[in-house]
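If you read the sequence shown in this note's numbering, its first letter stands for residue 0, the second for the next number, and so on.
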Amino acid sequence: MIRFSRLGLIALLVVTVAGASSCSYYNRVLARKDLVDGSKAYKDRKFQESEQLFKDAVARDPKGETVERKTAQLFLARTLHSEYIGNRGQKEKADEAIAEYKKALSNDINDQSSYKAIASLLENQQKTDEWMTWVTERSKNTQIKPEFRAEALVSLAAKKNSCASDIDDTDKTKKTVTQNGKQVFQYVKPENPEDLNTLRACTNDGMALVDEALAQEGPAGVDSAKNVDVAKATDDDLKKRADLLRVFESARSYKASLLIHAMRLAEMEGRTADRDKFKAEADTAKAAFLELSDVVKNIQTEQDKRVAEKEAADNANANAAK
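As structure tokens, then:
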């Protein structure tokens with residue numbers, strides 16, 4: 000179930016309204032009550048009730064200027080999303096959720112959770128063309144954070160990588176042969192010549208996408224993010240760094256994978272020199288992926304350690320209070 004941020008809601012409730020008209024102030028007070036009641040109904044899985052309460056909160060600010068309206072907009076989208084997850088037959092709920100998520104995105108272009116929720120809903124409904132358009136537009140948006148552009152580019156590259164795998168990772172194209180006393184794979188052309196063209200296009204397109212994603216490492220600050228003293232970093236800093244680095248960890252992984260597809264294609268076409276070149280580049284890309292992956296693992300280990308320590312402290316305090 001999609002969760003709401005309690006801290007975000009508490010922060011909202013302590014906002015003071017200065018200089019507003021009495022009517023506006025009253026509407027904001029009622030909207031806050033709707034938000035609190037709606038969140039409770041959501042937590043109790045009373046989705047229809049929470050949906051109506053969030054709609055009421057949205058309606059109290061037709062101009063969409065208040066923080067209450069913007070918060071209610073996002074909460075409404077998540078409620079509709081949850082209703083669809085609970086009953087996939089309610090496709091209209093998915094469409095309504097997408098519409099509300101888009102409104103939330105208009106308030107904050109860097110709202111990555113809303114963007115990803117829309118992508119997930121489109122993919123879940125197998126709306127492939129709409130998904131492609133949505134993610135492609137995101138990947139070209141230079142107004143958003145570079146890591147968010149990179150994440151969209153990686154999603155597109157992943158599709159191309161799967162396309163290539165569907166062709167070159169089959170029993171008909173991957174033969175087991177013996178070389179120097181060892182069994183190795185030898186890659187041969189697919190029976191359908193058009194499949195070879197598709198493999199070439201998917202590999203080249205995927206490579207271009209992942210290279211564009213990796214070009215965002217500098218603007219996103221990957222080098223500084225990976226040079227972290229995990230023991231001294233705050234919990235919030237660790238989370239932000241991990242979220243950032245995971246995007247490019249994935250990008251580096253797909254870079255290595257697509258280079259392997261390029262190597263296979265070269266072998267199929269008898270381009271031995273290119274095959275060896277792509278293999279060397281794939282090994283280098285794999286090493287770069289593992290380097291970043293180790294940083295992410297170190298951060299995760301520290302996060303897990305802190306969670307365990309907090310749980311142990313909480314249990315000790317609870318036992319002492321008995």
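Think of the CB as a built atom: it goes at the ideal place given N, C-alpha and C, for glycine as much as any other residue.
Query                                                                                                              : Result
Glutamate 95, buried or exposed, once every other Cβ within 10 Å from all chains shown has been counted against 16 : buried
As assigned by DSSP and simplified to three states, the class of glutamine 142                                     : coil
Sequence ranges, alpha helix (DSSP H) only - wholly within the region 218-287, length at least 4                   : 221-225 and 234-267
Reduced DSSP category for lysine 173 - H, G, I as helix; E, B as strand; rest coil                                 : strand
Inter-residue Cα distance where the pair is serine 20 and glutamate 99                                             : Only weak support exists for where serine 20 lies, its pLDDT of 49 falling under 50; the coordinates are left without a value.
Beta-carbon proximity list for serine 359, same chain, < 6 Å, skipping 5 on both sides                             : Because the chain here runs from 0 to 321, residue 359 falls outside it and cannot be looked at.
Cβ distance (whole Å) where alanine 151 is taken to contact serine 138 below 8 Å                                   : 4 Å
C-alpha distance - lysine 196 paired with aspartate 55, whole-angstrom precision                                   : As written in the sequence, residue 196 is asparagine, which differs from the lysine given in the question. About 55 Å.
Opposing strand residues paired with glutamine 185 [DSSP bridges]                                                  : Lys174
Nearest neighbour of alanine 76, chosen from Leu120, Glu64 and Arg59 [CA to CA]                                    : Leu120
CB contact flag (glutamate 266, arginine 274, <8 Å)                                                                : yes
Check whether aspartate 194 and histidine 260 have beta carbons under 8 Å apart                                    : no
Serine 292 to alanine 307 span [Cα, whole Å]                                                                       : 22 Å
Threonine 15 versus glutamate 64: straight-line alpha-carbon distance, rounded                                     : At threonine 15, the pLDDT of 42 sits below 50, so the modelled position is not reliable; the number obtained from the coordinates is stated separately. Straight-line Cα distance between these residues: approximately 15 Å.
Own chain residues within Cβ distance below 8 Å of alanine 103, not counting five before or after                  : Lys69, Gln72, Leu73, Ala76, Asp110 and Ser113
Rounded straight-line distance, which links the Cα of lysine 304 to that of alanine 272                            : 48 Å
Short Cβ contact (8 Å threshold) for lysine 171 with glutamine 185                                                 : no
Simplified DSSP assignment, three categories, for aspartate 168                                                    : coil
Close Cβ partners of lysine 92 (< 7 Å) along its chain, the five nearest in sequence each way excluded             : Leu79, Glu82 and Tyr83
Where threonine 65 falls: helix, strand or coil (DSSP)                                                             : coil
Selection from Gly220, Phe277, Ser161 and Ala212 that minimises the alpha carbon distance to alanine 200           : Ser161
Local Cβ density within 10 Å of alanine 157, reported as buried at 16 or more and exposed below that               : buried
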